[in-house]
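So the structure is just underneath, and the comments pick up after that.
There are 2 protein chains.
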Amino acid sequence: MSQTVDRALSILPLLAEGPADLGRVADRLGVHKSTALRLLRTLHEHGFVYRQSDQHYRLGARLIALAQEAMENLDVREIAHPHLIRLNEQCGHTVHLAVHEENEVLYIDKVESRYPVRMYSRIGKPVAITVAAVAKLLLADLPENERRAVAEKLDYPLYTARSTPNADGFLKELAKVREQGWATDLGGHEESINCVAAPIRGADGRVTAAMSVSAPNVVVTADELLTLLPLVRRTADAISGEYSGRTPVKEVTA
Amino acid sequence: MSQTVDRALSILPLLAEGPADLGRVADRLGVHKSTALRLLRTLHEHGFVYRQSDQHYRLGARLIALAQEAMENLDVREIAHPHLIRLNEQCGHTVHLAVHEENEVLYIDKVESRYPVRMYSRIGKPVAITVAAVAKLLLADLPENERRAVAEKLDYPLYTARSTPNADGFLKELAKVREQGWATDLGGHEESINCVAAPIRGADGRVTAAMSVSAPNVVVTADELLTLLPLVRRTADAISGEYSGRTPVKEVTA
DNA sequence: TGATGCGTTGCAAATATTGCAACGATCGTT
DNA sequence: AACGATCGTTGCAATATTTGCAACGCATCA
Chain A
1 MSQTVDRALS
11 ILPLLAEGPA
21 DLGRVADRLG
31 VHKSTALRLL
41 RTLHEHGFVY
51 RQSDQHYRLG
61 ARLIALAQEA
71 MENLDVREIA
81 HPHLIRLNEQ
91 CGHTVHLAVH
101 EENEVLYIDK
111 VESRYPVRMY
121 SRIGKPVAIT
131 VAAVAKLLLA
141 DLPENERRAV
151 AEKLDYPLYT
161 ARSTPNADGF
171 LKELAKVREQ
181 GWATDLGGHE
191 ESINCVAAPI
201 RGADGRVTAA
211 MSVSAPNVVV
221 TADELLTLLP
231 LVRRTADAIS
241 GEYSGRTPVK
251 EVTA
Chain B
1 MSQTVDRALS
11 ILPLLAEGPA
21 DLGRVADRLG
31 VHKSTALRLL
41 RTLHEHGFVY
51 RQSDQHYRLG
61 ARLIALAQEA
71 MENLDVREIA
81 HPHLIRLNEQ
91 CGHTVHLAVH
101 EENEVLYIDK
111 VESRYPVRMY
121 SRIGKPVAIT
131 VAAVAKLLLA
141 DLPENERRAV
151 AEKLDYPLYT
161 ARSTPNADGF
171 LKELAKVREQ
181 GWATDLGGHE
191 ESINCVAAPI
201 RGADGRVTAA
211 MSVSAPNVVV
221 TADELLTLLP
231 LVRRTADAIS
241 GEYSGRTPVK
251 EVTA
């Protein structure tokens, strides 16, 4: 909507690919070098980009600090974190916390598996929305019309043979998930990785976040993972309780 | 340098303080509501801000994803991380990794103490540059004139009685640190917290990062912490070796 | 030494941004 | 139920801001 800002912001993802020099930025933006220079300077003043010694620009520190603050503002995360840790201590697998935002579902917290074989994921990274267990939970909670609208707008990449193939299949899956109050992803994203997930609800009963336990086949079979479901659900409920203010939070001062 | 972009970027730190509505943003920026609206829209399109259900704006997900990518681009971090973990396993204390950027020194990685009493710090947060051990190492490596220039521009807040009081004292400390090749912060930031730090050098011998071990008095005395110095230096040297390409890195495929 | 490539600056043209004023919707009050 | 207030939103005209150009300085390299 604002051309100048639009161009400036486009520089950031570009630099995320790796450091670039002025010419490269100008080319990628399709603007004159002088224009790119002035945009970069403004970004620089705000600390969003950093000019390294070889004159190449890269993403700056303020960005990292801001993101950190953004995450601290997500109070679900604050509340959930100790629970995630405890769950990880109990089962040993990777534990994720995810929220739905702007047609994306993204991880906002993660506790690494204690097994040597781990799944790859990254905080802040959008998840495979059509197959991830947490995504199903978050989308399943939307009102029916929104759910349909979202489902039809999505792409359905066939990561594996068990990936959700299309909008119809996805909507059916969401209905099921909504019904049963938990979700799984059995090899729908990575052939050998399974997940069990449970919803976290706010005071209004809406699903505001979802958490999951993920483990590769080589560590536990899907069936074994499913035996953890009650534990996952209990944990999610405990978080819901605190988050919605029903459960008093025990203050622990360091 | 570019007014529009400048204004747009100013919105982000503002939102980092907490969600705000249009009026508030406009006020803080000192612009008309319609202007603020258009800026917010542009930020929104890029996913930098998110409009929550109550019409308040907050920092968006793309910011988190970008920051994560920015950190992954810092390859010192990649290389150092397993070493930090190992060091933490050996000593149990909080381990930090920091770099110098744009007149700030900031943490880019952290492994939490395994003791119940922990120090507060945050990845992405600028450190107390005049007292932190890692900051001393990073600044001590600058050429003499730059060092002086930086030292004179800084403020010297008296966090504690042992904080560096002024530029002269700081430069003397830097000279000492430069000489001995390691640094400490003994209660200069928080009365009860001590740190030992060692430099990480790139192929050119310049200090590109610094790492530290921090622990509160109640866990170990300053003297006890200092006995860890050889271990910290060995770890830092190991990272330097890998980072500068001297030590072959053992590829570990998950 | 000359040539090429890069970042940088002043300037005038023109485009994009701004603030205004009016509208519509939502919410709380009388 | 109607009214008033508050807040977000849009079209428009004025103008300030941004843009691309061309020229310059500086480095590197042949």
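Chains as they are written, first to last, in the UniProt record's numbering: chain A, 1 to 254; chain B, 1 to 254.
Note that beta-carbon positions come from the ideal geometry of N, C-alpha and C, so glycine has one too.
DSSP three-state assignment for L63/A, whether helix, strand or coil: In the structure shown, L63/A sits in a helix (DSSP, three-state: H, G or I).
On a CA-only basis, which of Q68/A, A67/A, V76/A, W182/A is nearest T208/A? Give me that one, please. Among Q68/A, A67/A, V76/A, W182/A, the Cα nearest to that of T208/A belongs to V76/A.
Taking the CB atoms as reference points, tell me whether L59/B and L66/A lie closer together than 8 Å. Their beta carbons are under 8 Å apart, which means L59/B touches L66/A by this criterion.
Within 8 Å, strictly: CB atoms of S2/A and L39/B: Judged by their CB atoms, S2/A and L39/B are nearer to each other than the 8 Å cut-off.
Check whether the Cβ of T221/B lies closer than 8 Å to any Cβ atom in chain A. For T221/B, not one C-beta of chain A is nearer than 8 Å to its own C-beta.
Cβ of V5/A less than 8 Å from any chain B Cβ? Yes, its Cβ sits closer than 8 Å to a Cβ of chain B.
Test item: CB-CB of G187/B and T227/B under 8 Å: For G187/B and T227/B, no; Cβs fall outside 8 Å.
Could you check whether L74/A and H100/A sit closer than 8 Å to each other, using their CB atoms as the reference points? A distance of 8 Å or more separates the beta carbons of H100/A and L74/A.
Could you confirm whether any beta carbon from chain B is found closer than 8 Å to the beta carbon of T42/A? The beta-carbon of T42/A is placed less than 8 Å from the nearest beta-carbon of chain B.
Please classify E251/B as buried or exposed, where buried requires at least 16 neighbouring CB atoms within 10 angstroms. Note that E251/B scores 44 on pLDDT, short of 50, meaning its location in the model is unreliable; the coordinates nonetheless yield the value given after this. Around the Cβ of E251/B, a 10 Å sphere holds fewer than 16 other Cβ atoms; the residue is exposed.
So H189/B contacts chain A; which residues on that side make the cut at Cβ distance below 8 Å? What H189/B touches in chain A: nothing, since even the nearest Cβ is about 16 Å away.
What in chain B is Cβ-close to E101/A, meaning under 8 Å? Those within 8 Å of E101/A in chain B are Y50, G60, A61.
Would you call the CB atoms of A20/A and L14/A closer than 8 Å? Between A20/A and L14/A, the gap from beta carbon to beta carbon is short of 8 Å.
Please report whether the beta-carbon of M71/B lies at a distance below 8 Å from any beta-carbon of chain A. Interface residue (Cβ-Cβ distance to chain A less than 8 Å): M71/B is classified as such.
Just to check, is the beta-carbon of L29/B closer than 7 Å to a non-hydrogen atom of the ligand SAH? Summarising the ligand content, the structure contains no ligands, and the ligand SAH is consequently not present.
Is A133/B closer than 8 Å to A183/B when the C-beta atoms are compared? Yes; because the gap between Cβ atoms is below 8 Å, this pair is in contact.
V31/B versus S53/B - alpha carbon distance: The alpha-carbon atoms of V31/B and S53/B are separated by roughly 24 Å.
Could you say which of P230/A, V220/A, G205/A, C195/A lies nearest to S214/A if we only look at CA atoms? Out of P230/A, V220/A, G205/A, C195/A, the CA that lies nearest to the CA of S214/A is found in C195/A.
Let's test the definition: count the other Cβ atoms within 10 Å of the Cβ of A149/A and tell me whether it reaches 16, buried, or not, exposed. Counting other Cβ atoms within 10 Å of its Cβ, A149/A stays below 16 and is therefore classed as exposed.
In angstroms, rounded to a whole number, what distance separates the CA positions of L142/B and D141/A? Approximately 55 Å between the Cα atoms of the pair.
I200/A CB to nearest chain B CB: under 8 Å? So, not an interface residue.
Is the Cβ-Cβ distance between L158/A and A167/A less than 8 Å? Not closer than 8 Å, so no.
Note down the Cα distance separating A16/A from A70/B, rounded to an integer number of angstroms. In this structure, the CA atom of A16/A is about 6 Å from the CA atom of A70/B.
Within a Cβ cutoff of 7 Å, which residues of the same chain sit near H56/A, ignoring the five residues on either side of it in sequence? So the qualifying residues of the chain are P19, A20, D21.
With a 10 Å radius around its C-beta and 16 neighbouring C-beta atoms as the bar for buried, classify G47/B as buried or exposed. Buried is the call here.
Which residues in the same chain as S240/A place their Cβ atom closer than 7 Å to its Cβ, once the five residues preceding and following it in sequence are excluded? Excluding residues within five positions, the ones whose Cβ falls inside 7 Å are I200, R201.
Simplified DSSP assignment, three categories, for H189/A: Per DSSP, reduced to three states, the secondary structure at H189/A is coil, with no helix or strand assignment.
Determine, for A67/B, whether the minimum Cβ-Cβ distance to residues of chain A falls below 8 Å. So yes, A67/B belongs to the interface.
Quick check on S113/B: buried or exposed, where buried means 16 or more other Cβ atoms within 10 Å of its Cβ? Per the 10 Å Cβ criterion, buried.
So with CB distances below 9 Å, who are the chain B contacts of G124/A? Those are A61, R62, L63, I64, A65, L66, A67, Q68, E69, listed as they occur along chain B.
When you compare only the Cα positions, how much space is there between S244/A and S212/A? About 20 Å.
Report the three-state DSSP secondary structure of N88/B (helix, strand or coil). Note: N88/B maps to helix in three-state DSSP.
Under the rule that 16 or more other beta-carbon atoms within 10 Å means buried, what is A175/A, buried or exposed? Exposed: under 16 other Cβ atoms inside 10 Å.
What first and last residue would you give for the beta strand (DSSP E) that runs through K110/B? That run of the beta strand (DSSP E) goes 104–111.
Spatial distance of A254/B from V105/B (CA atoms): Because the pLDDT of A254/B is 38, which lies under 50, any placement of that residue in the model is unreliable, and the number read from its coordinates should be weighed accordingly. Cα to Cα, A254/B sits roughly 33 Å from V105/B.
I think A210/B touches R233/B, with their Cβ atoms under 8 Å apart; what is that distance to the nearest whole Å? Actually they do not touch by this definition, with Cβ atoms about 11 Å apart.
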